[in-house]
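> The structure is given below, and queries will be raised subsequently.
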Amino acid sequence: MGEAIVITSGKGGVGKTTTSANIGTSLALLGKRVCMIDTDIGLRNLDVVMGLENRIIYDLVDVAHGRCKLHQALIKDKRFECLYLLPAAQTKDKHDVEPEQMKKIVQELKQDYDYVIIDCPAGIEQGYKNAVAGADKSIVVTNPETSSVRDADRIIGLLEQEDIEPPKLIVNRVKAHMMENGDSLDVDEIVSILAIELIGVVVDDENVIRASNRGEPIALNPDTKASIAYRNIARRILGESVPLMSLQQDKGLLKKMKSFFGMR
Amino acid sequence: MAQKQKQNTPHFVTIKGTKEGLILHLDDKCSFDQLLSELEAKLIRTPADDTTSETQKLSVNVKVGKRYLSDNQKDILRKLVYQKKHLLVDEIDSEVITKEKADELLRETEITSVSRIIRSGQVLKVQGDLLLIGDVNPGGCVMATGNIFVMGALKGMAHAGHSGRKDAVVTASLMNPTMVRIADKYVQVDKDNPTIDIIGECAFFDEGSMSVKFDRIHILHQIRPSLNRL
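So the protein lines, in turn, are chains A and B. The first sequence maps to residues 84 to 347 in the numbering used here. The second sequence maps to residues 6 to 235 in the numbering used here.
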């Protein structure tokens with residue numbers, strides 16, 4: 084019996100889908116059986132980020148309405164034997180799925196997979212309720228900006244009312260130099276406001292966008308800091324205690340390189 | 006003969022004149038109907054000068070002892086007294102209240118303690134005083150009919166005395182609110198508004214300036230001695 088983790092944020096565009104794709108991939112890299120569910124019906128893109136868009140035959144709404152078997156709708160990843168995706172419908176509406184149906188689907192998937200990663204849509208309406216319905220755990224993604232933290236706070240409040248474990252926090256798109264200058268919120272500041280356990284800090288990296296556009300999650304490429312961060316998050320999900328990559332170190336390395344090239 | 010009979014029947018209604026004015030004592034052992042009929046009889050039997058009392062608009066206090074009167078019964082009483090004698094009932098004083106009212110009063114003076122974070126979009130509303138063991142995050146809101154004490158950071162909105170108590174106060178270990186309201190007065194905290202600077206850990210309604218003010222917590226016992234319940 085696996086566990087279902089919902090990735091949510093409240094605000095749109097903070098990197099829920101990217102995070103879902105990369106956590107899913109990282110867990111698969113660690114040899115776990117993983118199934119990802121895209122619940123953003125009408126605005127799906129987890130399939131695009133995973134590069135599986137052209138393989139969709141059936142979708143979540145088809146499964147929910149019994150038009151196909153669950154295993155028929157699952158798409159196997161190109162790179163892993165043990166990574167699957169249940170895509171969202173593009174032509175339907177979020178109201179076409181009920182939380183009860185979602186619960187049933189997640190329950191069924193949990194029998195066969197170690198981890199079910201649920202990618203939640205932005206907002207706190209029907210789509211959010213569907214995504215949270217079957218989840219055992221939750222991860223809240225936020226960016227180091229006030230509006231995003233405010234929405235994360237709201238969503239944490241809502242998650243606390245659900246019958247799931249206390250949410251964990253990922254601070255995404257961290258720009259070390261902005262934090263240093265005090266132009267953006269500090270990670271510590273965010274954690275003190277939201278008062279939940281921090282499970283990972285992911286630096287802002289152009290390579291993430293580059294990889295997403297190519298349909299390959301960044302976690303596959305271990306050369307980047309963002310990739311390491313996602314892999315570490317996956318290991319923390321498995322229960323390992325991996326120290327947080329300190330931004331200070333990052334700065335030190337950068338400074339070292341800069342001084343190496345004679346820059347100030 | 007008639008006088009003797011009068012003495013034998015118990016008096017349910019007695020009228021007394023004191024320094025404070027007329028007081029109508031109504032017995033609390035008889036039925037309400039008995040009371041009304043005797044009241045009717047008594048007020049007629051002692052016919053005061055109707056014209057003078059009308060112009061003077063004499064007021065009277067009614068003491069009903071350990072009798073509970075519903076609002077409806079109070080109205081009937083008021084009407085009867087006014088019709089018969091043109092006396093205005095100032096106050097109906099009863100020594101008993103309903104359990105409901107008692108609970109209400111109790112809740113009004115009680116301190117409700119809550120231990121959690123009030124997050125964005127959440128509203129915590131209590132009757133009486135609120136003791137919050139936790140933060141109020143930006144976008145969160147705490148309301149109480151009495152005082153609000155936050156044992157954490159107040160970064161959102163606090164509304165003390167929301168049913169109209171102007172003497173209610175807000176205190177917080179870390180006072181950094183977006184807005185503080187006390188009864189119907191409020192103060193918005195703008196970073197670029199230099200007229201209000203948050204000093205100290207408490208907010209209260211200042212009668213002198215008719216506005217909500219912030220100050221150090223140690224002045225509270227001077228301006229709100231009622232906070233001491235020792």
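Glycine included, each C-beta is placed from N, C-alpha and C at the ideal position. Remember, it's a predicted structure, so these values are computed and weren't measured experimentally.
What are the residues that DSSP puts in a beta bridge with Arg186/B?
Here residue 186/B refers to the residue found at position 181 when the second sequence is read from its first residue. Looking at the DSSP assignment, Arg186/B forms a beta bridge with His164/B, Tyr191/B.
> What in chain B is Cβ-close to Asp271/A, meaning under 8 Å?
What you label residue 271/A is simply residue 188 of the first sequence in a count that begins at 1. Per Cβ cutoff of 8 Å: no residues; Asp271/A is ~14 Å from chain B at best.
> Where does Ser92/A sit, in a helix, a strand or coil, going by DSSP?
Walking along the first sequence from the start, residue 92/A turns up at place 9. Correct three-state label for Ser92/A: coil.
> What separation, rounded to the nearest whole angstrom, lies between the Cα atoms of Ser92/A and Val224/A?
Numbered from 1 along the first sequence, position 9 holds the residue referred to as residue 92/A. Numbered from 1 along the first sequence, position 141 holds the residue referred to as residue 224/A. When rounded, the distance between both Cα atoms is 5 Å.
> Can you tell me the Cβ-Cβ gap for Ile187/B and Lys171/B, rounded? I've got them flagged as a contact below 8 Å.
Position 182 of the second sequence, counted from the first residue, corresponds to residue 187/B. Position 166 of the second sequence, counted from the first residue, corresponds to residue 171/B. Contact flag correct, Cβ pair sits at about 7 Å.
> Under 7 Å Cβ-Cβ, which residues of chain A neighbour Pro143/B?
Stepping through the second sequence from its first residue, residue 143/B is reached at position 138. Ordered by position in chain A, the residues that pass the 7 Å Cβ test against Pro143/B are Arg233.
> Got a sec: is the Cβ-Cβ distance from Gly283/A to anything in chain B below 7 Å?
As a working note, residue 283/A is residue 200 in the first sequence. Cβ-Cβ to chain B under 7 Å: no for Gly283/A.
> Which runs of the alpha helix (DSSP H), 4 residues or longer, sit entirely within the stretch 207-247 of chain A?
Listed in chain order, the complete alpha helix (DSSP H) runs (minimum 4 residues) inside the stretch 207-247 of chain A are 209-216, 229-244.
> Assuming Gly350/A and Asp202/A form a contact by the criterion Cβ under 8 Å, report the distance between their Cβ atoms to the nearest whole angstrom.
Shown here, chain A extends from 84 to 347; a query on residue 350/A therefore has no answer.
> Is the stretch 200-217 of chain A touching the stretch 232-244 of chain A in the sense that three or more CB pairs, one from each, lie closer than 8 Å?
With a cut-off of 8 Å, the stretch 200-217 of chain A and the stretch 232-244 of chain A count as touching, because enough Cβ pairs lie within range.
> Indicate whether Ile239/A and Arg124/B have their beta-carbon atoms separated by less than 7 Å.
Here residue 239/A corresponds to residue number 156 of the first sequence, with the count starting at 1. Here residue 124/B corresponds to residue number 119 of the second sequence, with the count starting at 1. Result yes, Cβ atoms of Ile239/A and Arg124/B sit closer than 7 Å.
> Would the stretch 63-79 of chain B count as touching the stretch 96-112 of chain B if we require 3 or more Cβ pairs under 8 Å?
Yes: at least three Cβ pairs fall under 8 Å.
> Closer than 6 Å by C-beta to Val131/B: which residues in its own chain qualify, once you throw out the five before and the five after it? Chain order, please.
Residue 131/B sits at position 126 when you count from the first residue of the second sequence. These residues qualify, in order along the chain: Thr117, Ala149.
> Exposed or buried, which one is His148/A when buried takes at least 16 other CB atoms within 10 Å?
Here residue 148/A refers to the residue found at position 65 of the first sequence. Classification for His148/A: exposed.
> Measure the alpha-carbon distance for Leu3/B versus Pro230/B and round it to whole angstroms.
In this structure chain B extends from 6 to 235, so residue 3/B is not present and cannot be described.
> Taking C-alpha atoms, which residue in Asn255/A, Pro300/A, Tyr141/A lies nearest to Leu281/A?
The residue you call residue 281/A lines up with position 198 of the first sequence. Of Asn255/A, Pro300/A, Tyr141/A, the residue nearest in Cα terms is Asn255/A.
> Ile138/B touches chain A at which residues, Cβ-Cβ below 9 Å?
Numbered from 1 along the second sequence, position 133 holds the residue referred to as residue 138/B. Residues of chain A passing the Cβ test: none, with the nearest at roughly 13 Å.
> Using DSSP with H/G/I as helix, E/B as strand and the rest coil, what is Gly169/B?
One-based indexing of the second sequence puts residue 169/B at position 164. In this structure, Gly169/B counts as coil in the three-state DSSP scheme.
> Grab the span of the alpha helix (DSSP H) containing Arg318/A for me, first residue to last.
The sequence position of residue 318/A within the first sequence is 235, counting from 1. Looking at the DSSP string, the run of the alpha helix (DSSP H) that includes Arg318/A is 308-320.
> With DSSP run on the structure shown, which of helix, strand or coil describes His16/B?
Residue 16/B sits at position 11 when you count from the first residue of the second sequence. Residue state, collapsed to three classes: coil.
> Considering only DSSP beta bridges, list what Leu166/A is partnered with.
Translated into the one-based positions of the first sequence, residue 166/A becomes position 83. Leu166/A pairs with Val117/A.
> Which residues in chain A have a C-beta closer than 7 Å to the C-beta of Gly126/B? List them in chain order.
Translated into positions along the second sequence, residue 126/B becomes position 121. By Cβ distance, chain A contributes Arg237, Gly240.
> How far does the beta strand (DSSP E) with Ile276/A in it reach, from first residue to last?
Counted from its first residue, the first sequence places residue 276/A at position 193. That residue, Ile276/A, is in no beta strand (DSSP E); its alpha helix (DSSP H) goes 270-277.
> If we ignore side chains and look at the alpha-carbon of each, how far apart do Asp121/A and Ile140/A end up?
Translated into positions along the first sequence, residue 121/A becomes position 38. Translated into positions along the first sequence, residue 140/A becomes position 57. So the two alpha carbons sit approximately 14 Å from each other.
> Residues bridged to Leu136/B by DSSP?
Sequence index remark: in the second sequence, residue 136/B carries index 131 (1-based). Partner(s): Ser118/B, Phe154/B.
> CA-CA distance, Val119/B and Leu235/B?
Taking the first residue of the second sequence as 1, we reach residue 119/B at position 114. Taking the first residue of the second sequence as 1, we reach residue 235/B at position 230. Distance between the alpha carbons of Val119/B and Leu235/B is about 23 Å.
> Can you have a look at Cys207/B and say buried or exposed, based on whether 16 or more other CB atoms are within 10 angstroms of its CB?
To locate residue 207/B, count along the second sequence from 1; it is residue 202. With 16 or more Cβ atoms within 10 Å of its Cβ, Cys207/B is classed as buried.
> Go to Gly107/A, then tell me how far its alpha helix (DSSP H) extends in each direction, as first and last residue.
By one-based count along the first sequence, residue 107/A stands at place 24. 99-112 is the span of the alpha helix (DSSP H), which, as asked, contains Gly107/A.
> In the DSSP assignment, what are the bridge partners of Thr23/B?
The residue given as residue 23/B occupies position 18 in the second sequence. DSSP lists Gly26/B as partners of Thr23/B.
> List in chain order: all unbroken beta strand (DSSP E) runs of 3+ residues lying wholly within the stretch 65-110 of chain B.
Fully enclosed beta strand (DSSP E) runs of 3 or longer: 93-99.
> Going by the DSSP bridge assignment, what does Cys207/B pair with across the sheet?
The sequence position of residue 207/B within the second sequence is 202, counting from 1. According to DSSP, which records beta bridges pairwise, Cys207/B is partnered with Thr176/B, Asp220/B.
> Classify His223/B as buried or exposed, calling it buried when 16 or more other Cβ atoms lie within 10 Å of its own Cβ.
As a position in the second sequence, residue 223/B is number 218, starting the count at 1. The residue in question, His223/B, is exposed, as its Cβ has fewer than 16 Cβ neighbours within 10 Å.
> With 7 Å as the threshold, decide whether the Cβ of Ile102/B is near any Cβ in chain A.
Numbered from its first residue, the second sequence carries residue 102/B at position 97. Closer than 7 Å: no.
> Assuming the contact rule is C-beta atoms closer than 8 Å, Ser178/B and Val155/B should be a hit. Round their C-beta distance to whole Å, please.
Within the second sequence, the letter at position 173 stands for residue 178/B. Within the second sequence, the letter at position 150 stands for residue 155/B. About 7 Å; that satisfies the 8 Å criterion.
> At the level of alpha carbons, what is the spacing between Gly126/B and Ile88/A?
Walking along the second sequence from the start, residue 126/B turns up at place 121. Walking along the first sequence from the start, residue 88/A turns up at place 5. Looking at the two C-alpha atoms, the distance is approximately 24 Å.
> Apply the 10 Å Cβ neighbour rule to Asp195/B and answer buried if 16 or more other Cβ atoms are within range, or exposed otherwise.
By 1-based counting over the second sequence, the position of residue 195/B is 190. By the neighbour-count rule (16 or more Cβ atoms within 10 Å), Asp195/B is not buried but exposed.
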